[in-house]
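So that you can map any letter, position 150 of the sequence shown is 150 in the numbering used here, and since no number is skipped, the others follow by simple counting. Glycine residues also receive a C-beta, built at the ideal position from the N, C-alpha and C atoms. First comes the structure, then the notes that go with it.
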Amino acid sequence: MLDLTRGQFVKHVIMHPFEGYEDLRWKKAGSMPIAIVVVCLLFVQQIAYSRLYGFQYYSDYDKMFNIVPYIFKSFILFGTWVVANWAMCTLFDGEGSMKNIFINSAYALIPYIAAYLIGTVMSHFLIRDEYVFIQAVEIIGTCWSFVLLISGIKAVHQFTFFKTIMLMLLTIVAMIAMLFLLVLLLTLFQQVLIFILSIYTEISYRFRV
Numbered sequence: 001m002l003d004l005t006r007g008q009f010v011k012h013v014i015m016h017p018f019e020g021y022e023d024l025r026w027k028k029a030g031s032m033p034i035a036i037v038v039v040c041l042l043f044v045q046q047i048a049y050s051r052l053y054g055f056q057y058y059s060d061y062d063k064m065f066n067i068v069p070y071i072f073k074s075f076i077l078f079g080t081w082v083v084a085n086w087a088m089c090t091l092f093d094g095e096g097s098m099k100n101i102f103i104n105s106a107y108a109l110i111p112y113i114a115a116y117l118i119g120t121v122m123s124h125f126l127i128r129d130e131y132v133f134i135q136a137v138e139i140i141g142t143c144w145s146f147v148l149l150i151s152g153i154k155a156v157h158q159f160t161f162f163k164t165i166m167l168m169l170l171t172i173v174a175m176i177a178m179l180f181l182l183v184l185l186l187t188l189f190q191q192v193l194i195f196i197l198s199i200y201t202e203i204s205y206r207f208r209v
């Protein structure tokens, strides 16, 4: 089995997804700090793609910058994926821990992040008729990340291919349910907060009068 550093294992996993994730599992060479950096780069990539893309492709940017959507599309969605996958794997007797799911899923995002960052840079040099080259880079990066994600989830839980696909589909369903409940909970908290503030305002007004 390969004797690589944790940083070298990242390249090994990306270039050899099927044997790379198995080597990563048996060597226990996954790095949580590297995985966290990758998720942070996902956040940066989301902002760059939305705000820094070539003006000839997206010229109507919002004047007000709101960071919340980018936090949702990176940190919250990724965190929901990890929790949902870990929750679903317990139904299938999966072997992966939440930490390993986090690491394997983060590593799988690297081609996607790199492709869209490269596409953002290319958008400032290529004309609209050459957009097909940008699309090719982004599609290849997305597809490669999808292959890595399947391989990573398969390796971390030691599932068959079809069982892995089933688990991923159920994970998406669980994510939707979790996000729906989260929205309901936030709405409830908002209503309670508004109620408390209205009471406070009314009491303050009475005391002043």
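With 16 other Cβ atoms within 10 Å as the buried cut-off, status of residue i
| i | result |
| --- | --- |
| residue 26 | exposed |
| residue 32 | exposed |
| residue 102 | buried |
| residue 140 | exposed |
Backbone CA spacing between residue i and residue j [nearest angstrom]
| i | j | result |
| --- | --- | --- |
| residue 169 | residue 206 | 56 Å |
| residue 176 | residue 77 | 10 Å |
| residue 191 | residue 181 | 15 Å |
| residue 14 | residue 135 | 21 Å |
| residue 67 | residue 127 | 29 Å |
| residue 185 | residue 4 | 45 Å |
| residue 56 | residue 125 | 10 Å |
| residue 120 | residue 208 | 57 Å |
| residue 118 | residue 137 | 8 Å |
| residue 143 | residue 19 | 18 Å |
| residue 90 | residue 189 | 30 Å |
| residue 92 | residue 129 | 48 Å |
Supposed contact pair residue j and residue i - C-beta distance, whole angstroms, cut 8 Å
| i | j | result |
| --- | --- | --- |
| residue 86 | residue 98 | 5 Å |
| residue 116 | residue 49 | 5 Å |
| residue 17 | residue 147 | 6 Å |
| residue 70 | residue 47 | 5 Å |
| residue 74 | residue 111 | Residue 74 to residue 111, Cβ: 16 Å. No contact. |
9 Å Cβ cutoff met for residue i and residue j
| i | j | result |
| --- | --- | --- |
| residue 162 | residue 153 | no |
| residue 104 | residue 96 | yes |
| residue 100 | residue 30 | yes |
| residue 53 | residue 123 | yes |
| residue 171 | residue 84 | yes |
| residue 109 | residue 39 | yes |
| residue 45 | residue 150 | no |
| residue 88 | residue 197 | no |
| residue 43 | residue 23 | no |
| residue 34 | residue 107 | yes |
| residue 51 | residue 72 | no |
Entirely enclosed alpha helix (DSSP H) segments - the segment 69 to 100, minimum 4 residues: Inside the segment 69 to 100, DSSP marks whole alpha helix (DSSP H) runs of 4 or more residues at positions 77 to 89, from first to last along the chain.
4 or more residues per run - each alpha helix (DSSP H) lying fully within the segment 150 to 186: Complete alpha helix (DSSP H) runs here, min 4: none at all.
4 or more residues per run - each alpha helix (DSSP H) lying fully within the segment 16 to 70: Complete alpha helix (DSSP H) runs here, min 4: 17 to 27, 32 to 51.
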